[in-house]
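So the sequence shown is residues 4 to 46, counted in the working numbering.
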Amino acid sequence: ATNARIGNPLFSHTLFGVYLGIILWGGLYLRDPRVRALIPFSR
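In structure tokens:
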């Protein structure tokens, strides 16, 4: 709420942690078969 009040852009500053987490988990998913076993996307 504070970031929105002072005018920080939402998609570059506030959601940076979300973007970083998605990129890191995506890299782990593609690299490690144990992570692919935890998060199956195929039917």
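C-beta: ideal position from N, C-alpha, C; glycine also.
Asked: In whole angstroms, what separates the C-alpha of phenylalanine 19 from that of arginine 34?; Found: 23 Å
Asked: Alpha carbon to alpha carbon, what distance is there between alanine 40 and leucine 31?; Found: 12 Å
Asked: In this structure, how does DSSP classify leucine 27 when only helix, strand and coil are distinguished?; Found: helix
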